[in-house]
Amino acid sequence: MTRNDNKPNSALPPHALVVSKEVEIVNPLGLHTRPSTLIAKRTRESPDTALVLTCLRTGQQAQGESVIALLSLGAAQGTRLRLNAAGPAAQSLADDIAQLFARGFDESPP
Amino acid sequence: MAEERVFKGSGGAAGIARGPVLVLQRSHDCPEKAPQGRPSDEWAAFEAAQAEAIARVDMMLDEAKSFADDEAHSPQGTAIFESYEAILRDPVLVNLVKSDIFNARVSAGFAVWNALGRIRGILEGVQSPHIAEKSVDLENVRGLLLEELGANESEGLAPSLSLVGAVVVATLLSPQEMLKLVRARVAAIVCEQGSRNSHVAILARNFNIPAVLGARGVLAGAQSALAAGADASLFLVDGSAGVVVANPSSDTQRTFEARRAYWKLLGKELHERARLPALTTDGQHVEVFANADSSLETSAISAAYADGVGLFRMESYFLSRTELPSEADVTREISALAAAFPSKPVTIRLLDAGADKSIPALSARLVAKGLVSEVEALTNPMGLRGVRVLLRDTELLQMQCRAAVRANSRGNVRVMIPFVTGLEEVEQVRTALMEAWQAVSRETPGLSGKTHTSRPQTPTVPVLGVMIETPAAVALADLLANEVGFFSIGTNDLTQHTLVIDRASAEVSKCADAAHPALLRFLSRTVEAANEAGIPVSLCGEAASEAPYAELLIGLGLRQLSCSPHAIPLLKETIRSIDAAEAHRFVTALKKEKTLEGVRALLQSRFRERFGTVLEPEDASLIAVKGSQKASA
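Protein chains in written order, with my numbering: chain A, 142 to 251; chain B, 15 to 647.
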């Protein structure tokens, strides 16, 4: 997956408030469609705030509002990611997304 | 006269059905490449189609939600439509389409076809089985968009009338096609491809339509049956066993009818009958408790009419949060459970973390406090878990004890120690519990801030018990039984530790089974020790959820089982068909078997004898229990 080509929002807006957190995938099925959809949905609820997830090990990035970009990270259980949010709602967006990760996206254990 | 033919697949959704077969076929044609107007016109057409498709998906989402009566049980049914919506809005998709329309100057339909093709290629290249499944979803999204753009992709979806009561056979179905079939009231769904985890199966369970997936050859079989004429087109479907029969003989039809009648009873009345206590045919009461991971499950647990909570996994609660919970958080969580079942036992297992159940925030805390070395935290040695970790971090232990004492205002809370290997561990936890009780008693009444409907009472010490999940605990069972108020046998871990098996290794764990002769003897010994000391003993491993094992467990002398809420109604029903005295004799025979295979074979044949062709061992996992919307505490 190429990194953010042809996407209008690819870079975080300059001079904006940037909130950074480290998160880990705890749920067994990893970052599959359902968690990716939850992230995209929540990101879209803050339209003027951008979210980028970066896989710590590979450096691959994905925009929070793109399910496809998130899926293409192929991130399995145990993967650690850096979460960067920028914009007026950066803090609440980052907090909410971090919560989703920590709760294993509310997926019950197999 | 055409012959009866049987097709075997995997059970997708429980239930028995019969009806005339109907084949659904879809064809995919790539749209015309040449645009009909200028790029801006094609782009406008795409945006309109996108908006329409999203609106359709929203409608389907509402419909799926109205069918699923318990969010706790079927969030998966609605999740499919949520993901469609997300993909339809996805910037990657939008940008690929835009680029094709403006740069390559193609039609909107062709751009969509191309874009989704490229995305499928990207996702298929991603190393993960769950993500690879998305290529099916992408076809559905493509279908949605192309339909709105006017390209005729779908054909063969017959007029509604002929769908009523039909057994529909297809290669695989899209969720939007599923909805059409649901509305049209088909009898059953059969797919050539897919498995019980496919979206078709998930939705079929959601809408309670019998379904069989992965039935190889059924499509060809259905087509030849139709070609042979109306006589040959009756199909029978068994959604639990995963069996489809074309042109059934009258004997086969009779068997299916018997099963279908039983299933009708089961389907409608399983819920009602679960309300009653489970009594064996000779009058022995077997209590069936629920396992819980969070206080959010109280409505699912009430809906299954559990006799109480047999196991609350504290580590699940800890894992559900970013940071370690505070004492107030834990108190609130346990109190919510205890309050939901005021006259039933609610058993809290103290935090069982370490080894393969590591909690990052906890490990960090333990290392920071010097309670665990960094090497230990990184390598997670086999024995560093359960009560051993608790006894290193006494603050955390006492915090949980105080929370349990506070939650015990009605006297129904029980506290359970995980991973016990010696009596000294019990002593130390008991001391912590007493100290917790003293600390909480010193607090002014009503300090917890909530006004209970019952009058504030002096908190009492919760009953203390132990998990029997190590060989050491089994060996010491007679001594332990005199020290505690109850036992709970964790067969999953006990099996692992006794047979020396790594849960993570699939090959090796095939041998792991509660029916292993070594385990039978261990279970026997544990139950005997509990009975001699006069304390209750329950079993909370996976073996409790599996109906064929019910007779084994009852025959061993167990009268309390704890399992996942959805398995409770069928388990209770199975218990009602068992004679406890006979079960005891059966277990005596089982113990004479020298091998695991020998025991398993006896169990399976016994189950079949009991239920004949009426019920399959697999049925337990395929029944969705309909929940009530509010807890009926």
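Here a beta-carbon is modelled for each residue, glycine too, at the ideal position from N, C-alpha and C.
Item: When you compare the CB of GLY245/A with every CB in chain B, is at least one pair closer than 8 Å?; Value: yes
Item: Give the residues of chain B in contact with ILE166/A, contact being defined as C-beta atoms less than 9 Å apart.; Value: What ILE166/A touches in chain B: nothing, since even the nearest Cβ is about 11 Å away.
Item: What distance in whole Å lies between the Cβ atoms of VAL480/B and MET430/B, which are believed to be in contact at a cut-off of 8 Å?; Value: 7 Å
Item: Could you spell out the range, first to last residue, of the beta strand (DSSP E) harbouring GLU165/A?; Value: 159-165
Item: Straight-line CA distance for ASN334/A to ARG185/A?; Value: Since the first residue shown for chain A is 142 and the last is 251, residue 334/A is missing from the structure and cannot be characterised.
Item: Suppose only complete runs of 3+ residues qualify. What are the beta strand (DSSP E) ranges in the region 97-159 of chain B, listed by chain order?; Value: none
Item: Quick one: is PRO395/B near chain A, going by C-beta distance under 8 Å?; Value: no
Item: Could you tell me which residues DSSP pairs with GLU301/B in its beta bridges?; Value: GLN574/B
Item: Name the one or two DSSP bridge partners that ARG327/B has.; Value: ARG363/B
Item: Ignore the nearest five residues each way along the sequence and tell me which others in GLU99/B's own chain have a CB closer than 8 Å to its CB.; Value: ILE68, VAL71, ASP72 and LEU75
Item: What's the gap between the Cα of GLU484/B and the Cα of ARG535/B?; Value: Before going further, note that residue 484/B is Thr rather than Glu in the sequence given. Between THR484/B and ARG535/B, the C-alpha separation is close to 14 Å.
Item: So, helix, strand or coil for LEU338/B, using DSSP?; Value: coil
Item: Mapping DSSP to helix, strand and coil, what is PHE21/B?; Value: strand
Item: Of the choices ASN168/A, VAL193/A, ILE180/A and LEU170/A, whose alpha-carbon is the least far from that of ARG223/A?; Value: VAL193/A
Item: For the candidate residues GLY397/B, ALA417/B, GLU497/B and THR609/B, whose alpha-carbon lies nearest to that of GLN510/B?; Value: GLY397/B
Item: Just curious, the beta strand (DSSP E) that ASN225/A is in, first and last residue?; Value: 221-227
Item: Have a look at PHE21/B, SER24/B and ALA118/B and flag the residue whose alpha-carbon is nearest the alpha-carbon of TRP57/B.; Value: ALA118/B
Item: Any residues in the region 347-380 of chain B with a beta carbon nearer than 8 Å to a beta carbon of chain A? Which ones, in chain order?; Value: PRO374
Item: Which of the residues in the region 210-227 of chain A, read from start to end, lie with their CB under 9 Å from any CB of chain B?; Value: ALA210, LEU212, SER213, LEU214, GLY215, ALA216 and ALA217
Item: Leaving out five residues before and five after ALA31/B in sequence, what residues of the same chain have Cβ atoms less than 6 Å from its Cβ?; Value: ALA201, ALA202, PRO224 and VAL251
Item: Quick check on LEU197/A: buried or exposed, where buried means 16 or more other Cβ atoms within 10 Å of its Cβ?; Value: exposed
Item: Short check: CB of HIS299/B to CB of LEU293/B, under 8 Å?; Value: yes
Item: Kindly list, in the order they appear in chain B, the residues whose Cβ is closer than 7 Å to that of ALA181/A.; Value: ALA100
Item: Quick check: is the beta carbon of GLU329/B nearer than 8 Å to any beta carbon in chain C?; Value: This model lacks chain C altogether, as its protein chains are A and B.
Item: Starting from the C-beta of PHE95/B, find all residues in its chain whose C-beta is less than 7 Å away, skip the five residues before and the five after it, and write them out in chain order.; Value: VAL71, MET74, LEU75, ALA78 and PRO189
Item: Is it right to say ALA581/B is buried, meaning 16 or more other beta carbons lie within 10 angstroms of its own, or is it exposed?; Value: buried
Item: Tell me the residue span of the alpha helix (DSSP H) that contains LEU410/B.; Value: 408-421
Item: Taking Cβ positions only, does VAL160/A come closer than 8 Å to chain B?; Value: no
Item: Please classify GLY479/B: does DSSP put it in a helix, a strand, or coil?; Value: strand
Item: Closer than 8 Å, CB to CB, is ALA118/B near chain A or not?; Value: no
Item: Does chain A have any CB closer than 8 Å to the CB of GLU483/B?; Value: no
Item: Helix, strand or coil for GLY612/B? Go by DSSP, reduced to three states.; Value: helix
Item: Beta carbon of LEU508/B, beta carbon of ILE482/B: below 8 Å?; Value: yes
Item: Does any CB atom of chain A fall closer than 8 Å to the CB of SER97/B?; Value: yes
Item: Determine the chain B residues that contact GLN201/A at a beta-carbon separation under 7 Å, and present them in chain order.; Value: Those do not exist, as GLN201/A stays about 11 Å from chain B at its closest Cβ, beyond 7 Å.
Item: If contacts are defined as beta-carbon pairs under 8 Å, then CYS44/B and TRP127/B qualify, I think. What distance do you get, rounded to the angstrom?; Value: 5 Å
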